Amino acid sequence: MDSTFAQQTQQLADMVILTKVVDEGSFSAAARALGLTKSAVSKQIQRLESSYATRLLNRTTRKLSLTEAGRVLYEHAEQVARLGSAAQDALAQLSSQPAGVLRMTSSVTYGKHVLAPLLPAFCKRYPDVRVALTLVDRFVDLTEEGFDLAIRLTAQPPEGLTGRPLHRCDFVVCASRAFLRGKRIGHPQDLSAHPCLSFAVGMHTASHPWHFKDAQGHTESVAVRGPVAVNSSDVVRELVLSGMGIGLLPRFAVQADLDAGTLRAVLPGWQPEGAFGPTAWALWQGQRHMPPKLRVMIDHLAHALAQPAS
Numbered sequence: 000m001d002s003t004f005a006q007q008t009q010q011l012a013d014m015v016i017l018t019k020v021v022d023e024g025s026f027s028a029a030a031r032a033l034g035l036t037k038s039a040v041s042k043q044i045q046r047l048e049s050s051y052a053t054r055l056l057n058r059t060t061r062k063l064s065l066t067e068a069g070r071v072l073y074e075h076a077e078q079v080a081r082l083g084s085a086a087q088d089a090l091a092q093l094s095s096q097p098a099g100v101l102r103m104t105s106s107v108t109y110g111k112h113v114l115a116p117l118l119p120a121f122c123k124r125y126p127d128v129r130v131a132l133t134l135v136d137r138f139v140d141l142t143e144e145g146f147d148l149a150i151r152l153t154a155q156p157p158e159g160l161t162g163r164p165l166h167r168c169d170f171v172v173c174a175s176r177a178f179l180r181g182k183r184i185g186h187p188q189d190l191s192a193h194p195c196l197s198f199a200v201g202m203h204t205a206s207h208p209w210h211f212k213d214a215q216g217h218t219e220s221v222a223v224r225g226p227v228a229v230n231s232s233d234v235v236r237e238l239v240l241s242g243m244g245i246g247l248l249p250r251f252a253v254q255a256d257l258d259a260g261t262l263r264a265v266l267p268g269w270q271p272e273g274a275f276g277p278t279a280w281a282l283w284q285g286q287r288h289m290p291p292k293l294r295v296m297i298d299h300l301a302h303a304l305a306q307p308a309s
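At position 61 of the sequence shown (counting the first as 1) the number is 60 in numbering that gives the first Met the number 0, and the numbers step up by one without a gap.
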C-alpha cells in the first residue's frame, strides 16, 4: 500500500512537470521556470512515460509536440496543477492579509458621487491595499483589460461574471426651475412635447424610450427626443442645470441640486427606470477562492451601501 501511494504521489508530481514542459515549449525553459536542471526534468518525463507505458511527447531538435496519449494526460495534468494551485491559494488566505494593487472600475458619475467618498475609510483600514480606480463611461472587459472588480448598474450579472448586489439605485426625471416655468408636465407622455437629454449608449445616439411605473403598478413608455445625447450622466446634469431640457439621472448625482432647489423633480408620482438596470452590482471574474484584497473591498462597499442609496 505504501509503495503504491508513493508511486501515485510521484506520478502526480511528474504530471505537473509535464504541464510545465508543454506550456514552456521545451525542457530547458521548463527547467529554468522550475529551478531544476534540464536532465532532472527529462528524467521525470521519462519516468512518467514508463509508468504509463506510452510515449507522451514527440521530440525533435526544434520543438516538442504531444502525442495523442500525451494530449489526454496533459488535460488531466492541467486539472491537477489547477487544483494544487487553488489549494495553495486557499491555505494562504487563512493567514494572509489583504495586500497588493486592486484594479477596479466604474462609471465616472458613480465613481465621483458614490465610490470616492468610501475610499478614505477603506484605505485607512487596509493600508497594504492600493486602489487603482479607473472611471470610464463605457462597458469594460474585466479579463481583457485586467480589472479585478467592476461596479455597474445592471439587472443581473453578465454571463461569465460573478456578482453581488450592493444597493438599489433610484433615478429621477428633473429639470431646472427656469425651464419648467410655465410648463405643465403631469403624465409621462407629456415628455414627448419637450426636449429631453438622453444618455447615449456606445455609438448609438438615438434616444431610448424612458420607462415609468406608478404606485399602482401601471407602466408607461415614452419615446423622447432632444438636441443632445451624451455618454456621461455628469454632462447630462450640466445641460439640465443650464436649462437646456429635461434629464433622466441617477438620484445620487442630483440629490444636492434637488435639495438646493436648483433642480426640480418632474413627475414625482412616477418612478423612472435607468437605462441599464435598477441595482448597482459588484462584478468580478468567478474564482473559487477570492483574493483577500478583492473580498474586503466588496465587503466594505456592501456594508457602506447597505442603506438604500439616496
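For each residue, glycine too, the CB sits at the ideal point set by N, CA and C. Predicted, not measured: the structure shown is a model, and the values here were computed from it.
| message | Using 8 Å for Cβ pairs, my map puts residue 197 next to residue 223. What's the rounded Cβ distance? | response | By one-based count along the sequence shown, residue 197 stands at place 198. By one-based count along the sequence shown, residue 223 stands at place 224. That belief holds up - the Cβ atoms of residue 197 and residue 223 are roughly 7 Å apart, short of 8 Å.
| Distance, Cα to Cα, residue 258 vs residue 78? | For the purposes of this step, residue 258 is taken as residue 259 along the sequence shown, with counting starting at 1. For the purposes of this step, residue 78 is taken as residue 79 along the sequence shown, with counting starting at 1. Taking the straight line from one Cα to the other gives about 57 Å.
| task | Tell whether a beta-carbon distance below 8 Å holds between residue 208 and residue 221. | result | Taking the sequence shown and counting its residues from 1, the one referred to as residue 208 is at position 209. Taking the sequence shown and counting its residues from 1, the one referred to as residue 221 is at position 222. Their beta carbons are under 8 Å apart, which means residue 208 touches residue 221 by this criterion.
| Tell me which same chain residues have a C-beta within less than 6 Å of the C-beta of residue 210, skipping the five on either side of it? | Here residue 210 refers to the residue found at position 211 when the sequence shown is read from its first residue. The answer, listed in chain order, is 220 and 272.
| Alpha carbon of residue 85 to alpha carbon of residue 247, nearest angstrom | The sequence position of residue 85 within the sequence shown is 86, counting from 1. The sequence position of residue 247 within the sequence shown is 248, counting from 1. The alpha-carbon atoms of residue 85 and residue 247 are separated by roughly 45 Å.
| message | Just to confirm the assignment, what range does the alpha helix (DSSP H) spanning residue 119 have? | response | The sequence position of residue 119 within the sequence shown is 120, counting from 1. First-last of the alpha helix (DSSP H) with residue 119: 118-124.
| query | Just curious, the alpha helix (DSSP H) that residue 141 is in, first and last residue? | reply | The residue you call residue 141 lines up with position 142 of the sequence shown. 141-144 is the extent of the alpha helix (DSSP H) around residue 141.
| request: Keeping to the same chain, check which residues put their C-beta closer than 7 Å to that of residue 292; ignore five residues upstream and five downstream. | output: Taking the first residue of the sequence shown as 1, we reach residue 292 at position 293. 97, 98, 99, 101 and 128, listed in sequence order.
| query | Which whole-angstrom value is the C-beta distance of residue 338 and residue 82, which I expect to be below 8 Å? | reply | No statement about residue 338 is possible, as the shown extent of the chain runs from 0 to 309 and does not include it.
| field | Supposed contact pair residue 110 and residue 132 - C-beta distance, whole angstroms, cut 8 Å | value | Sequence index remark: in the sequence shown, residue 132 carries index 133 (1-based). Sequence index remark: in the sequence shown, residue 110 carries index 111 (1-based). Correct: roughly 6 Å between the Cβ atoms.
| task | Give the range of the beta strand (DSSP E) segment to which residue 210 is assigned. | result | On the sequence shown, position 211 is the one that residue 210 refers to. Residue 210 -> beta strand (DSSP E) spans 209-213.
| task | Go ahead and label residue 151 buried or exposed: buried means 16 or more other beta carbons lie within 10 angstroms of its beta carbon, across all protein chains shown. | result | For this step, residue 151 is matched to residue 152 along the sequence shown. When all chains shown are included, residue 151 counts as buried.
| task | For residue 203, I'd like the list of residues in its chain whose CB is within less than 8 Å of its CB, leaving aside the five on either flank, ordered along the chain. | result | Taking the first residue of the sequence shown as position 1, residue 203 is located at position 204. Because residue 203 carries a pLDDT of 49, less than 50, the predicted location of this residue cannot be relied on, and no value is offered for it.
| task | For residue 195, count neighbouring C-beta atoms within 10 Å of its own C-beta (all shown protein chains included) and say buried if the count is 16 or more, exposed if not. | result | One-based indexing of the sequence shown puts residue 195 at position 196. Residue 195 is buried by the Cβ-count criterion.
| task | Could you check if residue 339 is buried or exposed, using at least 16 other CB atoms within 10 Å of its CB as the buried criterion? | result | Residue coverage of the chain in this structure runs from 0 to 309, which leaves residue 339 outside it and unanswerable.
| task | Identify whether residue 187 lies in helix, strand or coil by the three-state DSSP scheme. | result | Reading the sequence shown from its first residue, position 188 is the one you call residue 187. Residue 187 falls in the helix class under three-state DSSP.
| message | DSSP three-state label for residue 164, please. | response | Here residue 164 refers to the residue found at position 165 of the sequence shown. Strand.
| Inter-stretch contact (C-beta, 8 Å, three-pair minimum) for the segment 60-77 and the segment 8-19 | In the pairwise beta carbon analysis, the segment 60-77 is classified as touching the segment 8-19: at least three pairs are separated by under 8 Å.
| What residue range is occupied by the uninterrupted beta strand (DSSP E) comprising residue 152? | Position 153 of the sequence shown, counted from the start, is the residue given in the question as residue 152. First-last of the beta strand (DSSP E) with residue 152: 148-153.
| task | Count the other C-beta atoms from every protein chain shown that fall within 10 angstroms of the C-beta of residue 199, then say buried if there are 16 or more, exposed otherwise. | result | The residue given as residue 199 occupies position 200 in the sequence shown. Residue 199 comes out buried.
| task | Name the residue from 170, 144 and 263 whose alpha carbon lies nearest to the alpha carbon of residue 283. | result | Position 284 of the sequence shown, counting from 1, holds the residue named residue 283. Here the closest residue by C-alpha is 144.
| task | Could you pull out every residue in the same chain whose Cβ sits closer than 6 Å to the Cβ of residue 190, ignoring the five residues on either side in sequence? | result | Locating residue 190 in the sequence shown gives position 191, counting from the first residue. Excluding sequence neighbours, residue 190 sits near 221 and 223.
| said: I need the straight-line Cα distance from residue 13 to residue 5, nearest angstrom please. | reply: If you number the sequence shown from 1, residue 13 lands on position 14. If you number the sequence shown from 1, residue 5 lands on position 6. Residue 13 and residue 5: Cα-Cα distance of roughly 12 Å.
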